[in-house]
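Let me begin by presenting the structure, written as structure tokens, before commenting on it.
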């Protein structure tokens, strides 16, 4: 029997008992704690004291708490997505990643399969647990409430909905957020808006998951879950557009109509929802179990690992090759490590290093040890540094501290293009930094534009000191002959092609009877790849030799039924074949 957790106060006590709460004494958590308090309208009192006297339900509080955790779940999935593409464990090889700061007593090591399962489970935070869906019988009764609130079936109710494109199940759609007035039913309208948006978001994710044939092993009866969300989504097509008008213009509805609707909700809908308490308790328990995963228990270390991955991705033109050291992916910052080698013109030993210490004498220091360095070489000397990235997670920062770090890092790396201090939070602190130093705030999954700015500044810094990508001639040749059929249609193959296109140094060509005209494959071409003709690889290679010269590296994506031009293939130092299904696991080789 599940011990019921019905109130927000009970739920937060359980979260604290498990050590998953936000710690006010921890400067890193301060902004998250304040954000959570704002979500539940708590001010000038401790959160637990406020919840003890509030009428907030466990489910309502869970929704607010999960919204706080979502960026960290996104980071964790982002780390996995990058590593799974760029690292391919060999047969019987065990590769692990560590989470948790080295000084923590709760650090954990997860192997490749655990990481995959944990990443998929963390997806549930965003999809399944944001809000408990009402029973289908309760949702059906919303037809009657819309008839109460909109007493005459005027066609004008359809206009705002139609102007916004209407809702197509499986696609994205934004439900209006109703303004809360003084009537008690206005709070119910807010809940209904969140319910509709959750259904839309859940079914969109389920459709993508279904298409890519990914499964979540931890979800019992996953196909039933899909069908359930599907039924809700198609029900929305009938509930909308009347409800779209109600949620967009609640202030146009009379108080007496809201009284009638509230009475119907309390007598006809609320009892059905309360009968569904067992499912609610299961979801709450599942949410707590998922929050115990590394992405939340070790949230700020997850941020530093994610920031490391963001930096590596920013340097994709340098073709980073991730190192494996003693079975570990050394992105945890536990020790001085060279985490990736880079392809840089004129610098054969260029690399990315974590926690590398070099001497620097000042009033406060005898050395500098930034979180991450992009280096000209593997030499542990100040002159080897091409740029520095420092990670921070603070809602408040001391101006003098930031300025001292920037000066020390700038003076301690004389050949460097500059230093970037990135912060999860946005403090809006005013600082005076050296010309080549930057404080970039709001670097987290919620601010993609800030991440793009970081990437641009970092690459500009490197180019300013002659850190130029070494561009080898790499070609991917796609077999689009008739024998390939629908090989490029599966979502997972199209996703791999999109990742391939992002590697801008690679030329992507197609062939059948010979090389196809039109040049490189573009993103808009992916969904319309057609297959016809013979598989004349030899003719295609001859045309490549005439047009570009044969490359130093080539991946041929094919079913293997080509004319096997051995002599031409031997002229390419590195050549490999794979099927479209195997493309993603070969991306790291490129």
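Residue numbers (my numbering): 1 to 590. For every residue, glycine included, the Cβ atom is placed at its ideal position computed from N, Cα and C. Computed from a predicted model, the values in this text were never measured in an experiment.
Nearest-angstrom Cβ-Cβ length linking residue i and residue j, presumed shorter than 8 angstroms
i           : j           : result
residue 338 : residue 323 : 6 angstroms
residue 375 : residue 353 : 6 angstroms
residue 458 : residue 314 : 5 angstroms
residue 619 : residue 471 : Residue numbering for the chain in the displayed model covers 1 to 590; residue 619 lies beyond these limits and cannot be assessed.
residue 570 : residue 589 : Rounded, the Cβ-Cβ distance is 19 angstroms, inconsistent with contact.
residue 139 : residue 235 : 6 angstroms
residue 192 : residue 264 : Contact doesn't hold; Cβ gap of about 13 angstroms is too wide.
residue 342 : residue 122 : Wrong, their Cβ atoms sit about 30 angstroms apart, outside the cutoff.
residue 229 : residue 199 : 7 angstroms
residue 427 : residue 394 : 7 angstroms
residue 404 : residue 364 : 7 angstroms
residue 526 : residue 478 : The pair is not a contact, with the Cβ atoms about 10 angstroms apart (cut-off 8 angstroms).
residue 307 : residue 391 : 5 angstroms
residue 185 : residue 262 : 4 angstroms
residue 563 : residue 536 : 6 angstroms
Beta-bridge partners of residue i, as assigned by DSSP
i           : result
residue 556 : 477, 577
residue 511 : 479, 515
residue 372 : 354, 389
residue 97  : 110
residue 419 : 388, 437
residue 4   : Its beta-bridge partners do not exist; DSSP assigns none.
residue 359 : 367
residue 506 : 474
residue 57  : 7
residue 347 : 344
Reference residue i; option with closest CA among the options
i           : options            : result
residue 61  : 383, 207, 287, 116 : 287
residue 529 : 343, 250, 514, 510 : 510
residue 97  : 171, 305, 73       : 305
residue 145 : 318, 418, 247, 580 : 247
residue 560 : 166, 379, 580, 381 : 580
residue 112 : 87, 58, 180, 341   : 87
residue 506 : 4, 185, 475        : 475
residue 58  : 283, 28, 94        : 283
residue 188 : 250, 50, 538       : 250
residue 163 : 504, 398, 241      : 241
residue 367 : 378, 377, 373, 382 : 382
residue 54  : 11, 15, 108, 73    : 11
residue 56  : 9, 69, 30          : 9
residue 201 : 180, 232, 183, 184 : 232
residue 22  : 501, 150, 6, 48    : 48
residue 258 : 399, 5, 182, 309   : 182
residue 106 : 295, 398, 558, 445 : 295
residue 151 : 364, 567, 52, 254  : 254
residue 275 : 74, 135, 237       : 135
residue 28  : 115, 371, 245, 303 : 303
residue 318 : 179, 462, 543, 564 : 462
residue 73  : 541, 291, 307      : 291
residue 30  : 537, 424, 554, 158 : 424
residue 587 : 534, 502, 537      : 502
residue 566 : 539, 557, 578, 585 : 539
residue 18  : 411, 285, 552      : 285
residue 408 : 433, 340, 481      : 433
residue 574 : 568, 585, 563, 553 : 553
residue 204 : 108, 179, 167      : 167
| query | Do three or more CB pairs link the region 486-496 to the region 512-522 at distances below 8 angstroms? | reply | no
| request: Spell out a yes or no on whether the region 290-304 and the region 475-490 are touching, meaning 3 or more CB-CB pairs, one atom from each, closer than 8 angstroms. | output: Proximity of the region 290-304 to the region 475-490 falls short of the contact definition, fewer than three beta-carbon pairs being nearer than 8 angstroms.
| message | Three or more C-beta pairs under 8 angstroms: does that hold for the region 74-81 against the region 449-464? | response | no
| query | At what residue ranges does the region 308-345 contain a whole run of the alpha helix (DSSP H), taking only runs of 4 or more? | reply | none
| field | Validate contact between the region 65-75 and the region 35-51 using beta carbons, cut 8 angstroms, 3 pairs | value | yes
| message | For the structure I just gave you, are there three or more beta carbon pairs, one from the region 500-516 and one from the region 532-548, closer than 8 angstroms? | response | yes
| said: Would you call the region 324-334 in contact with the region 466-476, where contact means no fewer than 3 C-beta pairs closer than 8 angstroms? | reply: no
| message | As an exercise, report each continuous alpha helix (DSSP H) stretch of at least 4 residues that is fully enclosed by the region 439-485, in chain order. | response | 448-464
| message | For the structure I just gave you, are there three or more beta carbon pairs, one from the region 358-375 and one from the region 423-438, closer than 8 angstroms? | response | no
| query | Would the region 403-420 and the region 39-48 be scored as touching if the rule is three or more Cβ pairs under 8 angstroms? | reply | no
| Unbroken stretches of the alpha helix (DSSP H), 4 residues or longer, contained in the region 252-281 | 255-264, 270-274
| task | Report the residue ranges of all alpha helix (DSSP H) runs contained in full by the region 527-556; include only those spanning at least 4 residues, in chain order. | result | Runs of alpha helix (DSSP H) with 4 or more residues, each lying fully within the region 527-556, are found at 537-547, listed in chain order.
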